[in-house]
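S.K.: No gaps in the numbering here: position 74 of the sequence shown is 74 in the UniProt record's numbering, and each next residue is one more.
The structure that follows is given in the form of structure tokens.
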Amino acid sequence: MSERRSTTKAQTAPDPEDPRKPDDPTDMSKRGWKYSLRRTVREFGHDQCTDLAAALTYYAVLAIFPALIALISVLGVFGQGKSTTDALVELAGGLGPAETTDTIKGVIDGLQTNQGAGLGLVLGLAGALWSASGYVGAFSRAMNRMYEIDEGRPIWKLRPVMLLVTLISVILTALGALILAVSGPVAQAIGDAVGLGDQAVTIWNIAKWPVLLAIVIVVVAILYYATPNVQQPKFRWMSTGALIAIVVWALASAAFGFYVANFGSYDKTYGSLATVIIFLLWLWITNLALLFGAEFDAEVERGRELEAGIAAEESIQLPPRDTRASDKKAKKAEKDVEDGRSLRRRRAAELEAEGKGPSSGDADGEQGRAGDTRRERR
């Protein structure tokens with residue numbers, strides 16, 4: 001049964017830092033890299049990553065607007081709401097298709113008219129944390145599929161981890177928003193205080209982008225490392241897959257924006273919903289890039305194991321973090337099978353007694369044995 005994969009790997013998988021593996025992915029052979037790339041493309045389709053990206057987009061939408069409420073409430077308390085939200089709208093227009101700006105601007109303008117900053121802060125923070133944890137949980141399930149492992153962590157252990165990852169991600173996102181807030185008059189005031197004057201604005205407008213990029217890198221690294229139920233090799237701030245994800249996302253966003261601006265006809269097709277549809281498509285593309293990078297990291301790990309002589313061609317051999325939840329699921333599944341077998345045998349005996357069933361001794365015959373054989377193969 002598939003639920004037993006975690007238990008099996010816990011018993012047979014080698015240490016994540018097995019000395020037989022190449023020390024670093026860059027130490028893999030050229031043939032190993034080709035194999036990993038080819039397998040990434042195939043597994044990306046096999047794991048149904050386009051559907052997974054759609055699910056992540058749904059959870060992202062649930063998380064975005066509570067986060068906006070919290071952000072605007074916080075900034076409103078400190079009197080920086082208007083300048084920062086204008087910067088957020090400008091940033092959205094620069095990163096994604098221009099049409100997404102209208103959608104975000106409309107939501108932000110509506111939120112700014114609400115004067116209940118304190119209540120919005122409390123509700124927004126709670127809603128953002130809970131909704132964003134749904135996204136992190138969905139990302140964890142997607143990662144488990146890529147690493148060919150079952151979720152074995154019990155809920156009391158899994159949920160705090162997901163909430164911690166969510167909290168770190170939310171804090172880093174808020175830090176990014178704060179960086180955007182420190183612009184214009186704020187940067188000028190800081191520059192005057194330290195004696196830099198107008199140069200502070202110029203320096204900060206250049207320096208803030210590498211800082212924002214670093215925040216994106218950290219968030220992606222944490223998602224890739226902490227969410228799957230596998231003991232991974234040493235933590236890397238920038239894995240090859242993370243680099244690919246960020247580059248693919250930037251290029252795909254630019255290409256999608258160019259297409260929408262020059263060739264798309266979303267206004268004619270969707271009317272007033274066009275900007276919403278474009279925004280959702282952009283989020284979907286973003287999640288596709290994240291999943292492709294994660295899939296590549298998983299296949300690079302498979303390549304490292306194969307070059308170490310570890311039998312990973314059918315399943316990646318990394319030990320699970322925990323197996324208790326998957327063990328319980330396996331026992332329940334086995335009980336369901338036994339109950340079904342008992343039901344079949346009892347009914348077969350009744351039919352045989354009525355002269356409607358198979359000949360004596362066949363109630364548990366070829367059909368039942370064939371079913372048992374199929375289960376063993378699975």
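The beta carbon of each residue, even a glycine, is placed where N, CA and C say it ideally should be.
Just so we're clear, the structure is a prediction, and the values are computed from it rather than from any experiment.
Whose C-alpha, out of SER133, ASP23, ARG321, is nearest the C-alpha of GLN231?
M.R.: Of the candidates SER133, ASP23, ARG321, the one whose C-alpha sits nearest the C-alpha of GLN231 is ARG321.
S.K.: Going by the CB atoms, is the gap between LYS9 and SER342 shorter than 9 Å?
M.R.: Going by C-beta atoms, SER342 is not nearer than 9 Å to LYS9.
S.K.: Are ALA245 and VAL220 closer than 9 Å when you measure CB to CB?
M.R.: A contact, by the Cβ cut-off of 9 Å.
S.K.: Would you call GLN11 buried or exposed, if buried means 16 or more other Cβ atoms sit within 10 Å of its Cβ?
M.R.: With fewer than 16 Cβ atoms within 10 Å of its Cβ, GLN11 is classed as exposed.
S.K.: Could you tell me the alpha carbon to alpha carbon distance between LEU129 and PRO160, rounded to whole angstroms?
M.R.: Straight-line Cα distance between these residues: approximately 12 Å.
S.K.: For ALA333 and GLU313, I'd like the C-alpha separation in whole angstroms.
M.R.: So the alpha carbons of these two residues sit roughly 27 Å apart.
S.K.: Using the C-alpha atoms, what's the distance from GLU338 back to TRP33?
M.R.: Going from the Cα of TRP33 to the Cα of GLU338 covers about 45 Å.
S.K.: Contact between the stretch 136-149 and the stretch 205-222: three or more CB pairs below 8 Å?
M.R.: No: the two stretches stay apart, fewer than three of their Cβ pairs being nearer than 8 Å.
S.K.: Check whether the Cβ atoms of SER133 and LEU172 lie closer than 9 Å to each other.
M.R.: Not closer than 9 Å, so no.
S.K.: Considering only the beta carbon of each residue, do ILE149 and PRO19 sit closer than 9 Å?
M.R.: Taking 9 Å as the Cβ cut-off, ILE149 and PRO19 do not qualify as a contacting pair.
S.K.: I'd like to know whether the C-beta atoms of ALA294 and MET143 end up nearer to each other than 9 Å.
M.R.: For ALA294 and MET143, yes; Cβs fall inside 9 Å.
S.K.: Measure the alpha-carbon distance for LEU281 versus ASP51 and round it to whole angstroms.
M.R.: Rounded to whole angstroms, LEU281 to ASP51 spans 13 Å at the Cα level.
S.K.: Let me confirm a value: GLN48 is counted as buried when at least 16 other C-beta atoms fall within 10 Å, else exposed. Which label applies?
M.R.: Exposed, since its Cβ has fewer than 16 Cβ neighbours within 10 Å.
S.K.: Measure the C-alpha to C-alpha separation of THR269 and LEU56 and round it to an integer number of angstroms.
M.R.: Cα to Cα, the separation comes out at about 25 Å.
S.K.: In chain order, what residues of the same chain have a beta carbon less than 8 Å from the beta carbon of GLY309, not counting five sequence neighbours either side?
M.R.: Here the set comprises ARG20.
S.K.: Going by alpha carbons, who is nearest to ALA237 out of ILE215, TRP249, ALA250?
M.R.: Note that residue 237 is Trp in the sequence shown here, rather than Ala. Nearest option by C-alpha distance: ILE215.
S.K.: Taking the C-alpha atoms as reference points, what is the distance between TRP284 and GLY271?
M.R.: Computed Cα separation, rounded: 20 Å.
S.K.: Cβ of PHE296 within 9 Å of Cβ of LEU37?
M.R.: Their beta carbons are under 9 Å apart, which means PHE296 touches LEU37 by this criterion.
S.K.: In whole angstroms, what is the alpha-carbon distance linking TYR59 and LYS328?
M.R.: Distance between the alpha carbons of TYR59 and LYS328: 28 Å.
S.K.: CB-CB under 6 Å to ARG378, same chain, minus the five flanking residues each way: which ones, in chain order?
M.R.: Confidence in ARG378 is poor, its pLDDT being 45 and thus under 50, which makes the residue's placement unreliable; the coordinate value appears in the next sentence. Once the five neighbours on either side are set aside, ARG378 has no close Cβ partner at all.
S.K.: Does the Cβ of LEU213 have 16 or more other Cβ atoms within 10 Å, making it buried, or fewer, making it exposed?
M.R.: By the 10 Å Cβ count, LEU213 comes out exposed.
S.K.: First and last residue of the alpha helix (DSSP H) that includes SER253?
M.R.: SER253 -> alpha helix (DSSP H) spans 240-262.
S.K.: So does LEU243 have its beta carbon nearer than 8 Å to some heavy atom of the ligand HEM?
M.R.: By its list of ligands, the structure shown contains no ligand whatsoever, and the ligand HEM lies outside what it can speak to.
S.K.: Going by alpha carbons, who is nearest to TRP156 out of ARG345, GLU350, THR286, ALA325?
M.R.: If we check each option's Cα against that of TRP156, ALA325 comes out closest.
S.K.: Are GLU299 and THR26 closer than 9 Å when you measure CB to CB?
M.R.: Contact: no.
S.K.: In the DSSP assignment, the alpha helix (DSSP H) including LYS9 goes from what residue to what residue?
M.R.: Looking at the DSSP string, the run of the alpha helix (DSSP H) that includes LYS9 is 5-12.
S.K.: What first and last residue would you give for the alpha helix (DSSP H) that runs through SER342?
M.R.: From DSSP, the alpha helix (DSSP H) with SER342 extends over 324-353.
S.K.: Among SER131, GLU43, ALA226, which one has its Cα closest to the Cα of LEU158?
M.R.: Ranking SER131, GLU43, ALA226 by Cα distance to LEU158 puts ALA226 first.
S.K.: List, from N- to C-terminal side, the beta strand (DSSP E) runs of 3 residues or more that fit wholly inside the stretch 133-157.
M.R.: Runs of the beta strand (DSSP E) inside the stretch 133-157: none found.
S.K.: Helix, strand or coil for PHE235, going by three-state DSSP, please let me know.
M.R.: Three-state result, PHE235: coil.
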